[in-house]
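Residues in the sequence shown are numbered from 2 upward in steps of one, following the working numbering. What follows is a single structure, written as structure tokens, with notes after it.
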Amino acid sequence: MSGGSSQPTGGAASDVEAIRDACLSKHIRVKYKSSLNGIKRWIVEELSKEDANTGRFFDEHDELVLTEFTL
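In structure tokens:
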């Protein structure tokens with residue numbers, strides 16, 4: 002075991018992203034983003050009619066907070 006921190010460094014995070022991007026086709030990334038956009042639209046247009054606290058689903062950049070969908 003190394004004596005260093007277990008937190009990933011910026012370089013390690015970049016490596017992980019590069020590996021992920023290499024494993025996922027552009028088509029899959031486009032479909033995933035489209036699905037997230039559909040979920041955002043549903044939250045704003047439909048769920049907001051029944052739930053006044055839909056802001057919890059979005060971060061400061063209006064991206065979905067995916068942990069809100071887990072138990």
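Glycine residues also receive a C-beta, built at the ideal position from the N, C-alpha and C atoms. Fair warning: this is a prediction, and the values are worked out from it, not measured in the lab.
Who does residue i pair with in a DSSP beta bridge?
i, result
"residue 1", "This structure gives no information on residue 1, because the portion of the chain shown stretches from 2 to 72."
"residue 59", "65"
Apart from the five residues just before and just after residue i, which ones in its own chain have a Cβ nearer than 7 Å to its Cβ?
i, result
"residue 49", "55"
"residue 58", "44, 65, 66 and 69"
Have a look at residue i and residue j and give me their C-alpha separation to the nearest angstrom.
i, j, result
"residue 14", "residue 21", "11 Å"
"residue 38", "residue 17", "24 Å"
"residue 28", "residue 51", "34 Å"
"residue 71", "residue 26", "26 Å"
"residue 19", "residue 30", "13 Å"
For residue i, does the three-state DSSP call read helix, strand or coil?
i, result
"residue 53", "coil"
"residue 1", "The displayed coordinates of the chain run from 2 to 72. Any statement about residue 1 would go beyond what the structure contains."
"residue 36", "helix"
"residue 47", "coil"
For residue i, which residues of its own chain have a beta-carbon under 6 Å away from its beta-carbon, when the five flanking residues on both sides are left out?
i, result
"residue 36", "none"
"residue 61", "none"
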